[in-house]
Amino acid sequence: MAKRTIAALDARGKRVLVRVDFNVPIETPPDMPAVVADDSRIRAALPTIAALRENGAIVVLCSHLGRPKGADRKLSLALVAKRAAELLGVPVPLAHDCVGPETARRVRELEPGEVLMLENVRFHPGEEQNDPAFAALLADGFDAYVNDAFGAAHRAHASTEGVAHLLPAYAGLLLDKEVRVLTALLESPARPFVAVIGGAKVSTKIDVLKSLVAKADVLAIGGGMANTFLAATGMDIKASLGEPDREADARAILAAATARGAEVLLPVDMRWSGDRILDIGEETERQFAAHIAAAGTVFWNGPMGLFEQPDYAHGTEAIARAMAGSSAVTVVGGGESVQALVQLGLADRMTHVSTGGGAALELIEGKKLPGVEAIPNA
Ligand code: ADP
Ligand code: MG
Numbered sequence: 016m017a018k019r020t021i022a023a024l025d026a027r028g029k030r031v032l033v034r035v036d037f038n039v040p041i042e043t044p045p046d047m048p049a050v051v052a053d054d055s056r057i058r059a060a061l062p063t064i065a066a067l068r069e070n071g072a073i074v075v076l077c078s079h080l081g082r083p084k085g086a087d088r089k090l091s092l093a094l095v096a097k098r099a100a101e102l103l104g105v106p107v108p109l110a111h112d113c114v115g116p117e118t119a120r121r122v123r124e125l126e127p128g129e130v131l132m133l134e135n136v137r138f139h140p141g142e143e144q145n146d147p148a149f150a151a152l153l154a155d156g157f158d159a160y161v162n163d164a165f166g167a168a169h170r171a172h173a174s175t176e177g178v179a180h181l182l183p184a185y186a187g188l189l190l191d192k193e194v195r196v197l198t199a200l201l202e203s204p205a206r207p208f209v210a211v212i213g214g215a216k217v218s219t220k221i222d223v224l225k226s227l228v229a230k231a232d233v234l235a236i237g238g239g240m241a242n243t244f245l246a247a248t249g250m251d252i253k254a255s256l257g258e259p260d261r262e263a264d265a266r267a268i269l270a271a272a273t274a275r276g277a278e279v280l281l282p283v284d285m286r287w288s289g290d291r292i293l294d295i296g297e298e299t300e301r302q303f304a305a306h307i308a309a310a311g312t313v314f315w316n317g318p319m320g321l322f323e324q325p326d327y328a329h330g331t332e333a334i335a336r337a338m339a340g341s342s343a344v345t346v347v348g349g350g351e352s353v354q355a356l357v358q359l360g361l362a363d364r365m366t367h368v369s370t371g372g373g374a375a376l377e378l379i380e381g382k383k384l385p386g387v388e389a390i391p392n393a
């Protein structure tokens, strides 16, 4: 079910609390000031902020950063506000607390089109506790709430869920697109639907595998998790990363595929370092790429090998290139998978690259996201 979006919000003159996911990596090079190492999450929220400003809203941005235990200057959003101001081309001052009388005064004094950033919402324990009293403090002084923080939508926190029950709530453009693309993937994929799954372990992806084996026409399995599947089929994986206690799960996935006539592709050759499998091999790359080329839809999560080491990045690069060259609808989700894609400079060549690692996988697993559920349907 589609959610009510900002297209349905008459924003003129309204004070709008906008939850964004500006939980970006901050790096402090030796003897240099700290910098935002990757601003893609800030960029991803720009269309929503721009649309609200164009419609005359007063935009107040709210985000978390990291996992502070109480107020922690190292996890201030000051640098993030500065980067947002550069990208938006307007001042984005930072209020030094996300709630309280001083912040309320600043919010009251803003004019239409102006933007204010609130300090890290996780400085208050009420945020992660989804404390109704804290949610009420956040909502105070606002006319509407917009959630564009897809990357935090799997958390039922005060700023992602609680506040949506206290103000008229709308989906931002990013959150709306993420939900539409990922839901369509499961409900009405152009076929054949090829799912390429990798990453380190079966155990962290078991629900993703179960969901996809029930939907996809082809399940191509690589990465460390393929070792457990190979071991389950009798291969000696020697000292490779494997999970013996997950071999039964692997066999159950293979049986589920057979039962509905879906094809499972396991690596037929691998790149080894000593007695460890660290990447898929060339013939496997060719087979996976051929299915990707012929697909109607491709969903990819999880690197095909230890891609952080250039010697074992080949399989991951082969998948990314095959997807970039395919005419299929191509969707990528997952922290390291997206990182690999960005490193290769191929993110722009995909139909959709999800900004939500954990949130995207939970949607693929068929779970409901509290931050999405709290927004009224369109
Ligand atoms: P994502 O964040 O995209 O969901 P995961 O977190 O599941 O992906 O897995 C990513 C990690 O898996 C990477 O750090 C990568 O190095 C590791 N990995 C992939 N293949 C192997 C392998 N054969 N052996 C060890 N680690 C691997
Ligand atoms: Mg990961």
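Residues in the sequence shown are numbered consecutively from 16, following this note's numbering.
Glycine included, every Cβ here is placed at the ideal spot set by N, Cα and C.
- Message: Once DSSP output is grouped into helix, strand and coil, what is the label at asparagine 135?
- Response: Reduced to three states, the DSSP call for asparagine 135 is coil.
- Query: Span of the alpha helix (DSSP H) holding asparagine 162?
  - Reply: Taken as a continuous stretch (DSSP letters only), asparagine 162 belongs to no alpha helix (DSSP H), being part of the beta strand (DSSP E) at 159–162.
- Message: Nearest by alpha-carbon distance to phenylalanine 244: which of Leu92, Ala267, Val233 is it?
- Response: Ranking the options by Cα distance to phenylalanine 244, first place goes to Ala267.
- Query: Roughly how many angstroms separate the alpha carbons of serine 218 and isoleucine 379, rounded to a whole number?
  - Reply: 16 Å
- Message: Out of Ser91, Asp232, Ala362, Thr312, which one is the CA nearest neighbour of alanine 199?
- Response: Thr312
- Query: In whole angstroms, what separates the C-alpha of arginine 120 from that of glycine 177?
  - Reply: Taking the straight line joining both Cα atoms gives about 23 Å.
- Taking the C-alpha atoms as reference points, what is the distance between isoleucine 221 and aspartate 264? 8 Å
- Within the chosen definition, does the stretch 203–211 reach the stretch 240–258 through at least 3 CB pairs nearer than 8 Å? no
- Query: Whole-angstrom Cβ separation of alanine 374 and leucine 356, contact assumed at under 8 Å?
  - Reply: So it is not a contact: roughly 18 Å between Cβ atoms.
- Message: Only counting the same chain, and skipping five residues up and downstream in sequence, which positions put a Cβ closer than 7 Å to that of asparagine 242?
- Response: Ile252, Ser255, Leu256, Gly257, Ile292
- Item | Simplified DSSP state of phenylalanine 322, which is helix, strand or coil | Coil at phenylalanine 322, not helix or strand.
- Query: How many whole angstroms separate the CB atoms of alanine 164 and valine 35, which I take to be in contact at a CB cut-off of 8 Å?
  - Reply: 5 Å
- Item | Burial state of serine 174, where buried means 16 or more other Cβ atoms lie within 10 Å | Buried, because 16 or more other Cβ atoms sit within 10 Å of the Cβ of serine 174.
- In angstroms with no decimal places, state the Cα-to-Cα distance between alanine 281 and glycine 237. A quick correction: the sequence has leucine, not alanine, at residue 281. Going from the Cα of leucine 281 to the Cα of glycine 237 covers about 7 Å.
- Message: Considering only their Cβ atoms, is the gap separating proline 385 from alanine 171 smaller than 7 Å?
- Response: yes
- Query: Do you know whose CA, among Leu197, Leu182, His306, lies nearest aspartate 232's CA?
  - Reply: His306
- Query: Whole-angstrom Cβ separation of isoleucine 41 and valine 130, contact assumed at under 8 Å?
  - Reply: Not quite, the Cβ-Cβ distance comes to about 21 Å (not below 8 Å), so this is no contact.
- Query: Starting from serine 288 and walking both ways along the beta strand (DSSP E), at which residues does that stretch end?
  - Reply: 285–288
- Task: Could you pull out every residue in the same chain whose Cβ sits closer than 6 Å to the Cβ of alanine 328, ignoring the five residues on either side in sequence?
- Result: Phe322
- Excluding sequence positions up to five away, which residues of its chain have a Cβ less than 7 Å from the Cβ of aspartate 146? Same-chain partners within the cutoff: Ala173.
- Check each residue's C-beta against every heavy atom of ligand 2 and list, in chain order, those closer than 7 Å. Cβ atoms closer than 7 Å to ligand 2 belong to Gly214, Gly349, Gly350, Glu351, Gly372.
- If you draw a straight line from the alpha carbon of proline 318 to that of valine 211, how long is it in whole angstroms? 9 Å
- Query: Does the separation of the CB atoms of leucine 90 and asparagine 135 fall below 7 Å?
  - Reply: yes
- Task: Assign serine 341 to one of two classes, buried (16 or more other C-beta atoms within 10 Å of its C-beta) or exposed (fewer than that).
- Result: buried
- Message: Looking at ligand 1, does it come within less than 6 Å of asparagine 38, judged from the CB to the closest heavy atom?
- Response: no
- Item | Among Gly81, Leu67, Ala66, Val50, the one whose alpha carbon lies nearest that of arginine 98 | In terms of Cα proximity to arginine 98, the closest of Gly81, Leu67, Ala66, Val50 is Val50.
- When DSSP builds the beta bridges, which residues end up paired with isoleucine 295? Met285
- Query: Between leucine 102 and glycine 128, what straight-line distance do the alpha-carbon atoms span, to the nearest angstrom?
  - Reply: 15 Å
- 8 Å contact criterion, which tyrosine 185 and arginine 19 should meet: CB distance rounded: With a contact defined as Cβ atoms closer than 8 Å, tyrosine 185 and arginine 19 qualify at about 5 Å.
- Task: Can you have a look at arginine 123 and say buried or exposed, based on whether 16 or more other CB atoms are within 10 angstroms of its CB?
- Result: By the Cβ neighbour-count rule, arginine 123 is exposed, with fewer than 16 other Cβ atoms within 10 Å of its own.
- Between glutamate 300 and glycine 330, is the Cβ-Cβ spacing less than 7 Å? Against a cut-off of 7 Å, the Cβ pair of glycine 330 and glutamate 300 comes out as a contact.
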